[in-house]
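A.B. asks: If you're matching positions, the sequence shown starts at 276 in my numbering and goes up one per residue. First the structure, then my questions, so here it is.
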Amino acid sequence: MSASVEVIAGPYELLNPRNKIERVTIAILESNEIQKRFYQKQQLIKTQSEQYGDLENALLGLELILKDFKKDNYLEKDELEKKKKEELRQKEEIKQQKNLGKRQRDPSIDSNDSKKGEIIKRKKADYDIGKVSSDQKQDSDLKKQLIQSSKEEEKKGDVKLSDADQGLRRSVRMAGKEYNFDIDDILDQADQLNSLNGSTGGKCIDVMLAKTFDPETQDPKDWLMSEKLDGVRCYWNGSAMYTRNGHLFYPPDWFKKGLPEDLCLDGELWTKRGDFQKIVSIVRRQDKNEEWKDIKYMVYDAPKAKGTFKQRLRKMEEVISKLGIAHIKVHPHEVCKSYEHLMEELEKVCAKGGEGMMIKDSHCKYENKRSDKLLKVKKFDDAEATVIAHHKGTGRCSNMCGAIEVRGDDGIVFKIGSGFDDKQRMKPPKIGSRVTYKYMGKSNSGKPRFPIFLRVHPGM
Numbered sequence: 276m277s278a279s280v281e282v283i284a285g286p287y288e289l290l291n292p293r294n295k296i297e298r299v300t301i302a303i304l305e306s307n308e309i310q311k312r313f314y315q316k317q318q319l320i321k322t323q324s325e326q327y328g329d330l331e332n333a334l335l336g337l338e339l340i341l342k343d344f345k346k347d348n349y350l351e352k353d354e355l356e357k358k359k360k361e362e363l364r365q366k367e368e369i370k371q372q373k374n375l376g377k378r379q380r381d382p383s384i385d386s387n388d389s390k391k392g393e394i395i396k397r398k399k400a401d402y403d404i405g406k407v408s409s410d411q412k413q414d415s416d417l418k419k420q421l422i423q424s425s426k427e428e429e430k431k432g433d434v435k436l437s438d439a440d441q442g443l444r445r446s447v448r449m450a451g452k453e454y455n456f457d458i459d460d461i462l463d464q465a466d467q468l469n470s471l472n473g474s475t476g477g478k479c480i481d482v483m484l485a486k487t488f489d490p491e492t493q494d495p496k497d498w499l500m501s502e503k504l505d506g507v508r509c510y511w512n513g514s515a516m517y518t519r520n521g522h523l524f525y526p527p528d529w530f531k532k533g534l535p536e537d538l539c540l541d542g543e544l545w546t547k548r549g550d551f552q553k554i555v556s557i558v559r560r561q562d563k564n565e566e567w568k569d570i571k572y573m574v575y576d577a578p579k580a581k582g583t584f585k586q587r588l589r590k591m592e593e594v595i596s597k598l599g600i601a602h603i604k605v606h607p608h609e610v611c612k613s614y615e616h617l618m619e620e621l622e623k624v625c626a627k628g629g630e631g632m633m634i635k636d637s638h639c640k641y642e643n644k645r646s647d648k649l650l651k652v653k654k655f656d657d658a659e660a661t662v663i664a665h666h667k668g669t670g671r672c673s674n675m676c677g678a679i680e681v682r683g684d685d686g687i688v689f690k691i692g693s694g695f696d697d698k699q700r701m702k703p704p705k706i707g708s709r710v711t712y713k714y715m716g717k718s719n720s721g722k723p724r725f726p727i728f729l730r731v732h733p734g735m
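Following this line, the structure appears as structure tokens:
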């Protein structure tokens, strides 16, 4: 693909070594144009393009094109490798069956193999006896390291376990069983240390998170709707500001001055549409006081206030209007009249470069979890995943990262190769980092269809 044209989705590389045209690349360009390139003996021989009205239709067209090529036995690189491995496995099975036939005809072969096996067993037993004392020392050292790690966490101050941390704990428990020491005792010590410094206490709460709106099963009528902001989640507990994972923000004193001490607030630090990376660069640092003047605290709930969401919203408006602080605003909400009304507002927001809409049950209480009383409405679904590998690119991207391999929160592993600019391909998201991506539904196997990279999660 040309360096001057932005690729929105792809390029998808399809291979068929037995065909005259052994390689095809397909991509959606920034003009919603699908471009196909055909290669013979590594040389580009022709290019075909087809224009689509919008990205959604282009993605549907891309899906049909990919299916047509796969009917002609074109496969993606990893699929081709799996096919080759399966062919090798089948050849090995045939070879083993032939060897089994020889053994049945000549019993002396099994006798010789049995003698070799006995010699190997004796050598392994001698090795295991010498290894016991070494393993015991490793067990002791590992236990000391885990306890020391707990103490270091205690020194760090406010720490709240993320989903990734919980997963790490599960892995450590499995390791504990393997090494045969009491991992529960060690983790209990860590919990006691954390509870002493308040990281599991009431300084921050688990904020209410949204599920995805399903028009076939959910009726948005009479719910309260608002634009989905692409800012950074922020919880005010009456004296300090926290991230959704319980880590402190460090805004300048003037930014917090005047905020209510008797009303907890939930909202987002925000500037304008499409400004997410700038917002993150400001709020995650402790030395950017001047730049906080561009930040607004857009409040959309009062977690500990009594009553329904509609009543909490009224309470926020009363309190914040009296403050008269320019950078603290209650995020505007509107009653949804129907599904059609919601779709009209979604189109307006997306046309202005917005992310989508949020709808909330006007009668709901604040729930400290992912709730079906709060729903996100978008043209595309989005989600987060953890980076587990990098894959080298091909063609123009041969000296860069072609795709990242990720594991979703549901455990499904897949690749994201679209949505990156050249700078991001030269320096891709680190292994272990969390990324946000958008996609267009899921396949029968549960994998996201046409995943497109959006951004690295700030990890706050």
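In this text, a Cβ means the ideal position worked out from N, Cα and C, and glycines have one as well.
1) If you check the beta carbons only, do M633 and L617 fall under 8 Å apart?
2) Is it true that the region 647 to 656 meets the region 588 to 607, where meeting means three or more beta-carbon pairs spaced less than 8 Å apart?
3) Based on Cα-Cα distance, which residue from A485, A284, A678, K563 lies nearest to P527?
4) Could you compute how far the alpha carbon of N307 sits from the alpha carbon of V507?
5) Do three or more CB pairs link the region 678 to 689 to the region 297 to 304 at distances below 8 Å?
6) So which of R671, Q315, L729, L289 has the shortest CA-CA distance to F551?
7) Please confirm if the region 607 to 623 is in contact with the region 641 to 650, defined as three or more CB-CB distances below 8 Å between the two stretches.
8) Using a threshold of 8 Å, state whether the C-beta atoms of V610 and D497 are closer than that.
9) Which residues does DSSP list as the beta-bridge partners of Q323?
10) When burial is assigned at 16 or more other CB atoms within 10 Å of the CB, is G692 buried or exposed?
11) Please name the residue or residues paired with L741 in a DSSP beta bridge.
12) Going straight from the alpha carbon of K360 to that of K690, what length do you get?
13) How big is the Cα-Cα spacing for L319 and L335?
14) From the DSSP output, read off the bridge partner residues of D541.
15) Quick one: what does DSSP say H738 is sitting in, helix, strand or coil?
16) Among all the DSSP beta bridges, which residues are the ones paired with D656?
17) Would you identify the three-state DSSP class for R587, choosing helix, strand or coil?
18) Quick check on K705: does DSSP put it in helix, strand or coil?
19) Taking 8 Å as the threshold (C-beta atoms), are M573 and H606 in contact?
20) For V731, which three-state DSSP category applies?
21) Could you check what DSSP says for S646 in three-state terms: helix, strand or coil?
22) Below 8 Å on the Cβ atoms is my contact criterion, and I expect R519 with V555 to pass it. Report the Cβ-Cβ distance as a whole number of Å.
23) Looking only at its own chain, which residues have a Cβ that is under 7 Å from the Cβ of E543, when we skip the five neighbours before and after it?
24) From M701, Q493, P723, Y525, pick the residue whose C-alpha is nearest to that of R559; which is it?
25) Near L289, what residues of its chain come up, given a Cβ to Cβ distance below 8 Å and the 5 sequence neighbours on each side ignored?
26) One question on the structure: do D541 and D576 come within less than 8 Å of each other, judged by their Cβ atoms?
27) Enumerate, from N- to C-terminal direction, the unbroken beta strand (DSSP E) stretches of 3 or more residues contained entirely within the region 317 to 362.
28) Which first and last residues belong to the beta strand (DSSP E) in which V681 is found?
29) Nearest-angstrom Cα distance between T322 and R671?
30) By alpha-carbon positions, which one of D329, V731, K604 ends up nearest to K571?
31) Going straight from the alpha carbon of V710 to that of A660, what length do you get?
32) Alpha carbon to alpha carbon, how far is A658 from L499? Give it in angstroms, no decimals.
33) State buried or exposed for A626, treating a residue as buried only when at least 16 other CB atoms are found within 10 Å of its CB.
34) Roughly how many whole angstroms lie between the Cα atoms of R312 and Y714?
35) Run through the DSSP bridge pairs and tell me what T661 is partnered with.
36) Which one or two residues does DSSP pair with L290 in a beta bridge?
C.D. replies: To lay it out plainly:
1) no
2) no
3) K563
4) 30 Å
5) These segments do not touch.
6) Out of R671, Q315, L729, L289, L729 has the C-alpha closest to the C-alpha of F551.
7) No: the two stretches stay apart, fewer than three of their Cβ pairs being nearer than 8 Å.
8) yes
9) K311
10) So G692 counts as buried.
11) The displayed coordinates of the chain run from 276 to 735. Any statement about residue 741 would go beyond what the structure contains.
12) Here the alpha carbon of K360 sits roughly 20 Å from the alpha carbon of K690.
13) 26 Å
14) Looking at the DSSP assignment, D541 forms a beta bridge with Y510, D576.
15) Any question about residue 738 goes unanswered here, given that the chain covers just 276 to 735.
16) BP columns for D656 point to Y714.
17) Here R587 sits in helix by DSSP.
18) coil
19) Yes. Within cutoff.
20) strand
21) strand
22) 13 Å between Cβ atoms; not a contact.
23) The answer, listed in chain order, is L504, G506, V507, R508, C509, M573.
24) Y525
25) Closer than 8 Å at the Cβ level, and outside the excluded window around L289, lie R298, V299, T300, I301, L341, F344, K345, Y349, L350, E351.
26) yes
27) 318 to 326
28) 676 to 683
29) 16 Å
30) K604
31) 6 Å
32) 23 Å
33) exposed
34) Using only the alpha carbons, I get a separation of about 24 Å.
35) The partner list for T661 (beta bridge, DSSP) reads R682, R709.
36) R298, L350
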